[in-house]
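Visitor: Handing you a structure now.
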Amino acid sequence: MHSETRDLNLSETEGALAAAVLELVRHTREQDSPGPEHIARFALFSTEALLEERPELSRLLPQETLDLASGDPHHLTSIETGTQHGDVADELEHALWPEGCAGGYIQARIRGAIDGAPGAGPAPVFVAAGALNTGETFSAVAREGEDLRVGRDLIPELVAALCASLGIDSPNARAAAQTE
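Taking the numbering used here, the leading residue of the sequence shown gets 23, the next gets one more, and so forth.
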C-alpha cells in the first residue's frame, strides 16, 4: 500500500484505484510541467481482464506491471485516451470511453484556489480524479510546489463530472439518494 493512502482504510478495489491514480500522478508530476489548463484523460482497465481478452498486450506492458498484476484481480492498467488544453467539464461532457473499461481518470492543471487554502492569487493547481464503474473514487490535489493531498472525494465537482461522464453515480449522488 502506498504511504499516501495508509490511513484511509481502503478496500482492495479502492486500493487498486488509489495505486493507479497515484502512479499516473507521479508519472505526470515527474515530467516537465505542461502549462496551465492542460488536461489528460485515461481509461482504466482490469489488467487481468485486459490480458485475458488480448494476451498479445503482455508484450507491450512493462515487466513490473505484469509482476504487480500477477495474482491481483484488482490491478488496473491505464490507457491514455486524450490530452488537450481547455475546459475540464467540457472534456468530460464529450468524452467517449472505450468499451470494457473498468473506469476512468482525469487530471488537469488549472488556475484557481484550493478551497480553504491560504493565498491571494490563483496559483496553478494540479487536480486528478479516478472512478470505477463499481462506484469507487479517488482523487488528488496540490498547488504547484506543495505536497499532494489524497482522498476518496477531495474534489467533489470533478469526481461528480467524471462519474457522470462514465455513466455511474458519484459518491455525492449516492449519499443524497440514501438520505431521501
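Every residue, glycine too, gets a C-beta built ideally from N, C-alpha and C.
#1: What does a CB cutoff of less than 8 angstroms around Ala38 pick up in its chain, not counting 5 residues either side in sequence?
#2: With DSSP collapsed to three states, give me the class of His116.
#3: Tell me the DSSP secondary structure of Met23 in three-state form.
#4: How about Ala111 and Ser68: are their beta carbons less than 7 angstroms apart?
#5: So is Arg131 buried or exposed if we call it buried at 16+ other beta carbons inside 10 Å?
#6: His97 by DSSP, collapsed to three states: which one?
#7: Measure how close the beta-carbons of Gly126 and Leu184 come, nearest whole angstrom, since I'm counting them as under 8 angstroms.
#8: Below 7 angstroms between beta carbons: does that hold for Val163 and Val149?
#9: Could you give the C-beta distance for Pro120 and Ala40, rounded to a whole number, given that I count them as a contact under 8 angstroms?
#10: Just the C-alpha distance for Gly152 and Ile101, rounded to the nearest angstrom, thanks.
Guide: This is what the structure holds:
#1: Within its own chain, the residues whose Cβ lies closer than 8 angstroms to the Cβ of Ala38, once the five positions on either side in sequence are excluded, are Asp94, His96, His97 and Leu98, listed in chain order.
#2: His116: coil per DSSP, three-state reduction.
#3: Bear in mind that the predicted position of Met23 carries a pLDDT of just 43, short of 50, making it too unreliable to give a figure here.
#4: The Cβ atoms of Ala111 and Ser68 do not sit closer than 7 angstroms to each other.
#5: Under this definition Arg131 is a buried residue.
#6: In this structure, His97 counts as coil in the three-state DSSP scheme.
#7: Distance from Gly126 to Leu184 at the Cβ level is roughly 6 angstroms; contact confirmed, criterion being Cβ atoms closer than 8 angstroms.
#8: Judged by beta-carbon spacing, Val149 lies within the 7 angstroms limit of Val163, meaning their Cβ atoms are closer than that value.
#9: Taking a contact as a CB-CB distance under 8 angstroms, the pair Pro120 and Ala40 does not count as one, their CB atoms being some 22 angstroms apart.
#10: Straight-line Cα distance between these residues: approximately 13 angstroms.
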